[in-house]
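Worksheet: the structure to be examined is printed underneath.
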Amino acid sequence: MRRPIVLLTLVLLALLGAMAAKSALVEPPKVRAHNAGQQFHAERAETGLAFVLHRPGPHPADTQANDLVRARIVYLLQGMGLKPIVRDQTACNELYKARGVSCARVRNVIAVLGPPTGKAVLLNAHYDSTPVGPGAGDDGFGVATLLEVANLLKDRELKRPVILLFNEGEERGLIGARAFLADPLSRNVDSLVNLEARGVRGPVNMFETSRPNAPAMAIFQRAAERPVANSLSTDVYRLLPNYTDVNSFAERGWLTLNLAPIGNETRYHSPGDDLAALDHATLQHMGDQTLALALELANGRAPNASGERIFMDVASRCLITLPLVAGAVLLAALLVAFAWLGWRRGALGRGAAVVLGTLLASTALSWVALFLIGAVRQGMFWRAFPMWTTLAVYASVILAAVLLIAITSKRAGVRQLRPVFWLLFLVAGAGIGAIAPGGIVYFLFPPLIVLLGAIAMRWWAPAERAAAIAAILFLYLTWGEMLGLLEELLNTGPMWLFAPLGALLILPALIEAKPLIDSARLLPAATVAGILALAGWIASAAAPAYSADRQQRFVIEHVTDTRSGKALWSIVNDRKPAPAALHAMHWRSGKLPMSERPRWLADAPPDPTAAAPRVELIASEKTSQGRTVSLRLRANGAENLRLFAPEGADISSAGVEGFVRPIDRSAEEQKYVIDCFGRSCEGMVLRIVTGSAQPIEFTLVGSTSGLPPSAAPLIAARPRDARPQYLPDARITISRVWL
């Protein structure tokens, strides 16, 4: 084998190795072997969490299980010498980015540290879980952190009050947060640190701030020793349908910082969200940041900053920030400079063909490969070992880039391709910036380094090449880290998206390696790259789809339609076929009235224990705008009641006395939903305001965790590495009512 081919093979393997190793850039700091007296102690915090959860299991809002969790939180706070307050409220809150309102009885636990007067710092976490899992990560991370921070701050002299809020009902629609806004203590708050979790490991990301963000970022930059934060994620988060307690608190205009880990979402909202899965280092990272932020907000100087900042961390070692306006001006200047440099050196067309061709070809190749494997394996076949699939995607990028770079041969050298790549890199940054302005921070410094190198060539000939290598290394530490976070965040797909995103990191390295690619020649170079891509896709196709750690989502429901008297089995399982043992049940793809989620349906025997909830109409009063309807819920044993109304219902608000909340009728979701969870749904009186003068047909859905005895064959057929996620195994009844 010729030496250039051997060297090229080693370079391509090293590049793939670097793409795999970038996950090390998003690891949280290691747990300290020894803690000083005033440092956050992760092991002590986890011991407290183990006591709070006691016998880990689901503990949703307004359930006996959550009563026990709350009692243990109060016990620990009292043991510290604090005097916790428990607020008992039946409250409702709007469902953000959806047409709905959710209600429940909630008991917020509040402890106040520091002086009795002055503007307060609020540290918030929720202690309820979903009906599916123990919630050790979501939001046990937050509960454990607040308890340890309380222990560390209780005897310290603070200039401002610090309020610890353990709220209930976040998982049901941020109800505890809404209830706190009616609390007199909320009137003194001006700063908020919110603690959340979307996983059980990885670094703790600061993913949301108040707007404009300069004051919050000034505090964060001063306090955080190992920051993981960037303005691209904060801007993208605002565009997503996700929400946290911060959405409810936002109307107060508090200075806000929102923190959460996102590692291994497969355990999130599932029975796998247990104590054994928690990463000590993640808890340490959350605790260190929360304690530092609390002290900075309570004792530090007020932030002297205004306007909007763009920012990013560099391998979680430091934080770079600059004004958004300055970033936009610099981006425009760099675009002009590289357009001129690319035009002056020629080959703009060939360079653009290499760059754009790599983006398009690698994306198409990845999509086709994923489609073909998915046709055979179906479902999220990458769920257990996503690294093999992302590496296969990156190997496809390498294949497309090597082919196109080799084809250009001597018609476009490194000096011609380099400025064209960075020009199009800047164009991509401008495009991302049009949607998420904070994203432009990733597109400024690498091309700036290259441009400075191009200028320095007047005095030192190798300056531009040295600068290009430095720019690639800087890009790896920043954009590479972002890719690692995105791989965790987008673990459900679409996986082909990592082709264009990865190309922004891979292409500049391959352009610098063009002389080696040319010396290896087209066919051998393409063969080596093709073998690597093929090996990547074979590994992706052969790797187990699920594991004990990263399991398949598999939810079983027994659904009874009281109007027709028919019963159905429903399975939600990542769109994989029903297990072979159940094929005789004749499964079909479909949807249920309360959800647009596709699922497998089959006829089921009636459930003799099924009892449909009811609604009693108390009053229907006509108004100039329509009607106000008052009704009483009869849960009939159901844990969760949901009233669905069609789009034409024109419901403007709903709730209970004192908490009638507006509904966002501009939200994309078509159906209106009024939700109630917990024991207190029995007898709860709701008020609904509608613009419809005529009675509305509501779909009433009652849900209770657990399955009837007839579900035994389905439970037995559930794959070994599978568990419910997002939804619990449940008995569901569906009925209709006119109101």
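Anchor point for the sequence shown: position 346 equals 338 in the numbering used here, and the numbering is continuous, going up by one each time.
A virtual CB, placed ideally from N, CA and C, is assigned to each residue, including glycine.
If we count Cβ pairs, one from each stretch, closer than 8 Å, do we get three or more for the region 680 to 691 versus the region 227 to 245? no
At the level of alpha carbons, what is the spacing between leucine 746 and leucine 633? With the chain running from -7 to 731 in the structure shown, residue 746 is simply not present.
From what residue to what residue does the alpha helix (DSSP H) around lysine 506 run? Taking the sequence shown and counting its residues from 1, the one referred to as residue 506 is at position 514. It spans 506 to 512 - the alpha helix (DSSP H) in which lysine 506 sits, taken as one unbroken run.
Report the partner residues of alanine 393 according to the DSSP bridge assignment. If you number the sequence shown from 1, residue 393 lands on position 401. Its beta-bridge partners do not exist; DSSP assigns none.
So, for serine 532: in the same chain, excluding its five sequence neighbours on each side, which residues have a beta-carbon less than 7 Å away from its beta-carbon? In the sequence shown, residue 532 corresponds to position 540, counting from 1. Contacts found: Ile365, Trp374, Trp380, Thr381, Ala384.
In angstroms, rounded to a whole number, what distance separates the CA positions of valine 3 and valine 520? The sequence position of residue 3 within the sequence shown is 11, counting from 1. The sequence position of residue 520 within the sequence shown is 528, counting from 1. C-alpha separation (whole angstroms): 11 Å.
Roughly how many whole angstroms lie between the Cα atoms of alanine 446 and leucine 87? For the purposes of this step, residue 446 is taken as the residue at position 454 of the sequence shown. For the purposes of this step, residue 87 is taken as the residue at position 95 of the sequence shown. Near 53 Å, if we compare the C-alpha coordinates of leucine 87 and alanine 446.
Beta-bridge pairing of glutamate 86 - partner residues as DSSP gives them: Sequence index remark: in the sequence shown, residue 86 carries index 94 (1-based). BP columns for glutamate 86 point to Val93.
Residues of its chain near arginine 64, where Cβ-Cβ distance is below 7 Å and the 5 sequence neighbours each way are ignored: The residue you call residue 64 lines up with position 72 of the sequence shown. Phe43, Val44, His46, listed in sequence order.
Kindly indicate the opening and closing residues of the alpha helix (DSSP H) around threonine 355. What you label residue 355 is simply residue 363 of the sequence shown in a count that begins at 1. Its alpha helix (DSSP H) spans residues 340 to 369.
Does the beta-carbon distance from tryptophan 488 to serine 358 come in below 9 Å? What you label residue 488 is simply residue 496 of the sequence shown in a count that begins at 1. What you label residue 358 is simply residue 366 of the sequence shown in a count that begins at 1. The answer is yes: Cβ separation under 9 Å.
Coarse secondary structure for isoleucine 498, derived from DSSP in three states: Translated into the one-based positions of the sequence shown, residue 498 becomes position 506. Reduced to three states, the DSSP call for isoleucine 498 is helix.
What are the residues that DSSP puts in a beta bridge with cysteine 745? Nothing can be reported for residue 745, as the shown portion of the chain is limited to -7 through 731.
Under the three-state reduction of DSSP, which class applies to alanine 602: helix, strand or coil? Within the sequence shown, residue 602 is the residue found at index 610, counting from 1. Coil at alanine 602, not helix or strand.
CB valine 23 to CB alanine 273, shorter than 9 Å? The residue labelled residue 23 in the question sits at position 31 within the sequence shown. The residue labelled residue 273 in the question sits at position 281 within the sequence shown. Yes.
List the residues that DSSP assigns as beta-bridge partners of alanine 242. In the sequence shown, counting from the first residue as 1, residue 242 sits at position 250. BP columns for alanine 242 are empty, so no partner.
Might you give, ordered along the chain, the residues of its own chain that have their beta carbon closer than 6 Å to the beta carbon of phenylalanine 377, omitting 5 neighbours on each side? By 1-based counting over the sequence shown, the position of residue 377 is 385. Only Ala535 meet the Cβ criterion.
Do glutamine 276 and proline 21 have their beta-carbon atoms positioned less than 9 Å apart in this structure? The residue labelled residue 21 in the question sits at position 29 within the sequence shown. The residue labelled residue 276 in the question sits at position 284 within the sequence shown. Closer than 9 Å, so yes.
Per DSSP, cysteine 673 forms a beta bridge with which residues? Within the sequence shown, the letter at position 681 stands for residue 673. BP columns for cysteine 673 are empty, so no partner.
Residues bridged to phenylalanine 303 (per DSSP): The sequence position of residue 303 within the sequence shown is 311, counting from 1. Its beta-bridge partners are Thr313.
Beta-carbon contacts of alanine 57 that lie in its chain and below 6 Å, excluding the five residues immediately before and after: Position 65 of the sequence shown, counted from the start, is the residue given in the question as residue 57. If we look at alanine 57 and ignore the five residues flanking it on each side, its Cβ neighbours are His51.
Check whether the Cβ atoms of glycine 349 and glutamine 408 sit closer than 9 Å, and answer yes or no. Against the sequence shown, residue 349 aligns to sequence position 357. Against the sequence shown, residue 408 aligns to sequence position 416. No.
Would you call glycine 279 buried or exposed, if buried means 16 or more other Cβ atoms sit within 10 Å of its Cβ? On the sequence shown, position 287 is the one that residue 279 refers to. By the neighbour-count rule (16 or more Cβ atoms within 10 Å), glycine 279 is buried.
If you check the beta carbons only, do arginine 542 and threonine 258 fall under 9 Å apart? Residue numbering aside, residue 542 sits at position 550 when the sequence shown is read from its first letter. Residue numbering aside, residue 258 sits at position 266 when the sequence shown is read from its first letter. Contact flag set, yes.
Is it true that the region 209 to 219 meets the region 307 to 316, where meeting means three or more beta-carbon pairs spaced less than 8 Å apart? yes
Between the alpha carbons of glutamine 717 and proline 263, how many angstroms are there, rounded? Indexing the sequence shown from 1 puts residue 717 at position 725. Indexing the sequence shown from 1 puts residue 263 at position 271. Glutamine 717 and proline 263: Cα-Cα distance of roughly 8 Å.
Alpha carbons only, please: which of Val677, Cys673, Ala708, Tyr664 is nearest the one belonging to threonine 691? On the sequence shown, position 699 is the one that residue 691 refers to. Considering only alpha carbons, the answer is Tyr664.
Threonine 282: which of Ala361, Glu188, Gly299 sits nearest, CA to CA? Walking along the sequence shown from the start, residue 282 turns up at place 290. Among Ala361, Glu188, Gly299, the Cα nearest to that of threonine 282 is on Glu188.
Would alanine 709 and leucine 574 qualify as a contact pair, given that the criterion is a beta-carbon distance under 9 Å? Counted from its first residue, the sequence shown places residue 709 at position 717. Counted from its first residue, the sequence shown places residue 574 at position 582. The answer is yes: Cβ separation under 9 Å.
Less than 9 Å between the C-beta atoms of arginine 723 and leucine 706, yes or no? Translated into positions along the sequence shown, residue 723 becomes position 731. Translated into positions along the sequence shown, residue 706 becomes position 714. Going by C-beta atoms, arginine 723 is not nearer than 9 Å to leucine 706.
For the putative contact between glycine 647 and arginine 679, defined by C-beta atoms under 8 Å, what is the C-beta separation to the nearest angstrom? Here residue 647 corresponds to residue number 655 of the sequence shown, with the count starting at 1. Here residue 679 corresponds to residue number 687 of the sequence shown, with the count starting at 1. Going by Cβ atoms, the distance from glycine 647 to arginine 679 rounds to 6 Å, so yes, they are a contact pair.
Do the CB positions of serine 539 and valine 551 come within less than 9 Å of each other? On the sequence shown, position 547 is the one that residue 539 refers to. On the sequence shown, position 559 is the one that residue 551 refers to. Their beta carbons are not under 9 Å apart, which means serine 539 does not touch valine 551 by this criterion.
I'd like the list of long-range same chain contacts for glutamate 479, defined as Cβ closer than 6 Å, with 5 residues on each side in sequence excluded. Position 487 of the sequence shown holds residue 479. Thr382, listed in sequence order.
Cβ shell of leucine 69 (< 7 Å), same chain only, five flanking positions each side left out: Stepping through the sequence shown from its first residue, residue 69 is reached at position 77. For leucine 69, where only same-chain residues beyond five positions count, the Cβ hits under 7 Å are Pro76, Ala103, Ala142.
Spatial distance of alanine 387 from valine 394 (CA atoms): Translated into the one-based positions of the sequence shown, residue 387 becomes position 395. Translated into the one-based positions of the sequence shown, residue 394 becomes position 402. Alanine 387 and valine 394: Cα-Cα distance of roughly 10 Å.
Evaluate threonine 226 with the Cβ neighbour count: other Cβ atoms within 10 Å of its Cβ, from every protein chain shown; 16 or more gives buried, anything less gives exposed. Translated into positions along the sequence shown, residue 226 becomes position 234. Looking at its Cβ environment, which holds 16 or more other Cβ atoms inside 10 Å, threonine 226 is buried.
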